[in-house]
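Peer 1: My numbering numbers the first residue of the sequence shown as 1 and each following residue consecutively.
Idealized CB from N, CA, C, for every residue including glycine.
This one's a predicted model, so the numbers in the text were calculated from it and none came from an experiment.
Below is a structure I'd like to ask you about.
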Amino acid sequence: MASVFAPAVRGVLGRSLSLSSNLDLLVGVRMGAGMVMGRVVSESIGYLTVCQDCGARLECWGVQALVGTSLQWDVAMTCSACGAAMFVCDDVPLAGLRDQLLSEHGAARLRVTSAQGRSVALMRVLRAELKLDLAEAKTALGRVLAGEFSGTLPEIELLARKLREAGISAVAARP
Ligand SMILES: [Zn+2]
């Protein structure tokens, strides 16, 4: 299952950044560069694939991080046999990575505690953040009010931040 990521990773190697195996370092570098403010919320998964250089088992890390108000995907690979290491950063996940993150960590739910009389404001945030049309936003609103709107923790935390900015009490929570 993990090996399905390898072709996708190879496809975006032109965007890889540096040689390291420490994702905390990557986030730290970004923060040090003054690009982000506020708490970083992230979730990661480890998986195995095959090194394209030497054929050995390759350890990979996939991380989704909410940095300020932007979602980032980072993949880090380190080959224990030949030492090949790589980072890939993008704003969209590699194929299958998001599903794997959800299945490993479980979904987070959006809990809104001051929705009374705020449906319009709530729907405005949902439409803007999720790029929804009016009908889709109504469906999403129903799921939010029912406590059934879920996603990865960084995704839901981003929505909660945007809602709080709009004056609506919201948190990302695990069931
Ligand atoms: Zn290798």
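Thr78 by DSSP, collapsed to three states: which one?
Peer 2: Within the sequence shown, numbered from 1, the residue matching residue 78 stands at position 78. Strand at Thr78.
Peer 1: In whole angstroms, give me the CA-to-CA distance for Ala76 and Ala84.
Peer 2: The count along the sequence shown starts at 1 and reaches residue 76 at position 76. The count along the sequence shown starts at 1 and reaches residue 84 at position 84. Spanning the two alpha carbons is a distance of roughly 11 Å.
Peer 1: Identify, in the order they occur along the chain, each residue of the same chain with its Cβ nearer than 8 Å to the Cβ of Cys54, setting aside the five sequence neighbours on each side.
Peer 2: In the sequence shown, the residue the question calls residue 54 occupies position 54. If we look at Cys54 and ignore the five residues flanking it on each side, its Cβ neighbours are Cys79, Ala81, Cys82, Ala84.
Peer 1: Under a Cβ-count criterion, where at least 16 other Cβ atoms within 10 Å of its own Cβ denotes burial, should Gln116 be classed as buried or exposed?
Peer 2: Here residue 116 corresponds to residue number 116 of the sequence shown, with the count starting at 1. Answer is exposed; the Cβ neighbour count stays below 16.
Peer 1: Would you give the residue range spanned by the beta strand (DSSP E) that Thr49 belongs to?
Peer 2: Within the sequence shown, residue 49 is the residue found at index 49, counting from 1. Counting along the chain, the beta strand (DSSP E) containing Thr49 begins and ends at 41 to 50.
Peer 1: In or out: Ala190 buried (at least 16 other Cβ within 10 Å) or exposed?
Peer 2: Any question about residue 190 goes unanswered here, given that the chain covers just 1 to 175.
Peer 1: Would you check if there are 3 or more beta carbon pairs closer than 8 Å linking the stretch 94 to 102 to the stretch 135 to 143?
Peer 2: Touching, no, given that fewer than three Cβ pairs across the two stretches are closer than 8 Å.
Peer 1: Is there at least one non-hydrogen atom of ligand 1 closer than 8 Å to the beta-carbon of Asp53?
Peer 2: Position 53 of the sequence shown holds residue 53. For ligand 1, at least one heavy atom lies less than 8 Å from the Cβ of Asp53.
Peer 1: Just reading off the alpha helix (DSSP H) that Asp99 is part of, what are its end residues?
Peer 2: As a position in the sequence shown, residue 99 is number 99, starting the count at 1. Per DSSP, Asp99 belongs to the alpha helix (DSSP H) from 97 to 105.
Peer 1: Is DSSP giving Glu155 helix, strand or coil here?
Peer 2: Reading the sequence shown from its first residue, position 155 is the one you call residue 155. Looking at Glu155 - three-state DSSP - the assignment turns out to be helix.
Peer 1: Just curious, the alpha helix (DSSP H) that Glu136 is in, first and last residue?
Peer 2: What you label residue 136 is simply residue 136 of the sequence shown in a count that begins at 1. 134 to 145 is the extent of the alpha helix (DSSP H) around Glu136.
Peer 1: Please classify Ser114: is it buried, with 16 or more other beta-carbons within 10 angstroms of its beta-carbon, or exposed?
Peer 2: As a first step, residue 114 must be located in the sequence shown, where it is residue number 114. With fewer than 16 other Cβ atoms within 10 Å, it is exposed.
Peer 1: So, with DSSP's three-state summary, where would you put Leu122?
Peer 2: Here residue 122 corresponds to residue number 122 of the sequence shown, with the count starting at 1. Residue state, collapsed to three classes: helix.
Peer 1: Can you round the beta-carbon distance between Asp74 and Cys89 to whole angstroms, since I take them to be within the 8 Å contact cut?
Peer 2: Here the question's residue 74 lines up with position 74 in the sequence shown. Here the question's residue 89 lines up with position 89 in the sequence shown. Yes, Asp74 and Cys89 are in contact; Cβ-Cβ is about 5 Å, under 8 Å.
Peer 1: In this structure, what does DSSP give as the bridge partners for Ser150?
Peer 2: For the purposes of this step, residue 150 is taken as residue 150 along the sequence shown, with counting starting at 1. According to DSSP, which records beta bridges pairwise, Ser150 is partnered with Arg109.
Peer 1: Roughly how many angstroms lie between the CA atoms of Trp61 and Arg118, to the nearest whole one?
Peer 2: The residue you call residue 61 lines up with position 61 of the sequence shown. The residue you call residue 118 lines up with position 118 of the sequence shown. Approximately 40 Å, taken between the alpha carbons.
Peer 1: Evaluate Ser103 with the Cβ neighbour count: other Cβ atoms within 10 Å of its Cβ, from every protein chain shown; 16 or more gives buried, anything less gives exposed.
Peer 2: Within the sequence shown, residue 103 is the residue found at index 103, counting from 1. Ser103 is exposed by the Cβ-count criterion.
Peer 1: Helix, strand or coil for Ala233, going by three-state DSSP, please let me know.
Peer 2: The structure shown does not extend to residue 233, since the chain spans only 1 to 175, so no value can be given for it.
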